[in-house]
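Each residue of the sequence shown is one higher than the last, beginning at 1 in this note's numbering.
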Amino acid sequence: MRSAIVFISFLSLSFAGCSSVSPKSAATIYAAGDKATIGSLVYTLTDAESTPALGDDPSNPRTPANRFYLIKVSVSNSGADDQPIPAMTLVDDSGHTWPELSDGTGVTNWLGVVRKVGSAQTEQGNVVFDAPMKHYRLRLNDTLDDKEIAIDVPLSFVRVSAHVVPPTTTELPKK
């Protein structure tokens, strides 16, 4: 009788461990400056800047709802075929997300929206976000993936720009 109770207990524990719903795996977070690998793509976050406006036209600067985040990334392809570079997302510590902006007006060295990297090649440039000033991670893969792969973007790494637009030059009258 005792062995039957032990067997039933063991069987119950075995079934309790089985589940048809698999929880998301923990995220893999790389430090800014480290290489983050997803398949044949290798990402490196090389710079980050937060600015209240973009553009050089003092009469018509581009302003965000929050602040512009310009994240400079380098993406290398270690594979044999050309690879698309997917869209990236900023994620804060509470899980709120800010998608990459599709308009690169006023962004120097903008990486673009439709982008790819050739075999054994590297592309680098800025991706831009409109987000409040806080700590983020740059999510590199799709939200449907089981495991998030991201790069930490600590506030200490982000350069804060006041975005001073150079004044237009006017010639002073000669005396």
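Don't be surprised by glycine CBs; every beta carbon is placed ideally from N, CA and C.
Looking only at DSSP bridge pairs, what is residue i linked to?
{"i": "residue 42", "result": "37, 76"}
{"i": "residue 129", "result": "69"}
{"i": "residue 138", "result": "90, 151"}
{"i": "residue 84", "result": "116"}
{"i": "residue 48", "result": "71"}
{"i": "residue 124", "result": "74"}
{"i": "residue 160", "result": "50"}
Among the options, which residue has its Cα nearest to the Cα of residue i?
{"i": "residue 100", "options": "82, 73, 33, 156", "result": "73"}
{"i": "residue 87", "options": "57, 143, 162", "result": "143"}
{"i": "residue 112", "options": "120, 103, 119", "result": "103"}
{"i": "residue 128", "options": "64, 31, 41", "result": "64"}
{"i": "residue 145", "options": "105, 69, 93, 39", "result": "39"}
{"i": "residue 249", "options": "78, 30, 60, 55", "result": "Beyond the ends of the chain as shown, which are 1 and 175, falls residue 249; an answer cannot be given."}
{"i": "residue 105", "options": "148, 28, 57, 147", "result": "57"}
{"i": "residue 82", "options": "96, 115, 110, 159", "result": "115"}
{"i": "residue 110", "options": "34, 42, 55", "result": "55"}
{"i": "residue 53", "options": "69, 34, 94", "result": "69"}
{"i": "residue 184", "options": "41, 30, 60", "result": "Within the shown structure, residues of the chain are numbered from 1 to 175, placing residue 184 beyond reach of any answer."}
So, using beta-carbon positions, are residue i and residue j closer together than 8 Å?
{"i": "residue 155", "j": "residue 45", "result": "no"}
{"i": "residue 183", "j": "residue 140", "result": "Lying outside 1 to 175, the shown extent of the chain, residue 183 is not represented and no answer is given."}
{"i": "residue 126", "j": "residue 85", "result": "no"}
{"i": "residue 62", "j": "residue 133", "result": "no"}
{"i": "residue 75", "j": "residue 117", "result": "yes"}
{"i": "residue 148", "j": "residue 36", "result": "no"}
Less than 6 Å between C-beta atoms, sequence neighbours within five positions excluded: which residues of the same chain meet that for residue i?
{"i": "residue 161", "result": "49, 51"}
{"i": "residue 157", "result": "32, 48"}
{"i": "residue 108", "result": "none"}
{"i": "residue 136", "result": "90, 92, 153"}
{"i": "residue 21", "result": "Bear in mind that the predicted position of residue 21 carries a pLDDT of just 36, short of 50, making it unreliable; the figure below should be weighed with that in mind. Contacts found: none."}
{"i": "residue 98", "result": "90, 129, 131"}
{"i": "residue 30", "result": "36, 151"}
What does a CB cutoff of less than 7 Å around residue i pick up in its chain, not counting 5 residues either side in sequence?
{"i": "residue 80", "result": "119"}
{"i": "residue 96", "result": "none"}
Starting from residue i, follow the beta strand (DSSP E) in both directions and report where the run begins and ends.
{"i": "residue 97", "result": "97-99"}
{"i": "residue 63", "result": "Premise fails: residue 63 is in no beta strand (DSSP E) and is neither H nor E."}
{"i": "residue 28", "result": "28-30"}
Only counting the same chain, and skipping five residues up and downstream in sequence, which positions put a Cβ closer than 8 Å to that of residue i?
{"i": "residue 94", "result": "none"}
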